[in-house]
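Quick notes on the structure that follows.
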Amino acid sequence: MEHAVALARGAVGARKRRDELAIAASAISLFWTAFVLTRPFGATFGVVLTKPLEDGGFNLSRIMASLVLAGLTVTVILVSGKRAERTPLAG
Numbered sequence: 076m077e078h079a080v081a082l083a084r085g086a087v088g089a090r091k092r093r094d095e096l097a098i099a100a101s102a103i104s105l106f107w108t109a110f111v112l113t114r115p116f117g118a119t120f121g122v123v124l125t126k127p128l129e130d131g132g133f134n135l136s137r138i139m140a141s142l143v144l145a146g147l148t149v150t151v152i153l154v155s156g157k158r159a160e161r162t163p164l165a166g
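Numbering (my numbering), first residue to last: 76 to 166.
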């Protein structure tokens with residue numbers, strides 16, 4: 076009987092560890108996916124913000140463009156955080 080309990084505990088522990096590794100791998104892949112996808116967007120958007128009006132840009136200084144991008148980033152983080160609070164976790 077003790078062997079069965081030990082095997083069950085070992086199986087539960089292994090399953091928990093596997094789930095923890097899957098979550099960690101998911102978080103890492105999500106980070107790198109977001110990083111790779113957003114870098115070109117940020118660079119392109121930064122160019123549009125600093126490009127002269129005649130060339131279709133907004134003619135902002137680099138500092139103002141950086142502040143706009145930082146403000147957008149903070150806004151997206153806050154909005155997504157509030158959305159996550161309202162969304163129940165599956166499972």
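Note that the Cβ used here is the ideal one computed from N, Cα and C, for glycine as well.
The structure presented is a predicted model; accordingly, all values stated were derived computationally and were not measured.
N-terminal and C-terminal residue of the alpha helix (DSSP H) that residue i is part of
i, result
"LEU153", "137–161"
Residue i, buried or exposed, once every other Cβ within 10 Å from all chains shown has been counted against 16
i, result
"ALA231", "Because the chain in this structure spans residues 76 to 166, residue 231 falls outside the shown range and cannot be described."
"LEU124", "buried"
"ALA102", "exposed"
"ALA99", "exposed"
"ALA159", "exposed"
Short Cβ contact (8 Å threshold) for residue i with residue j
i, j, result
"LEU96", "GLY117", "no"
"ASN134", "LEU128", "yes"
Beta carbon proximity, residue i to chain C, threshold 8 Å
i, result
"GLY146", "Reference to chain C is not applicable here, since this structure consists of a single protein chain."
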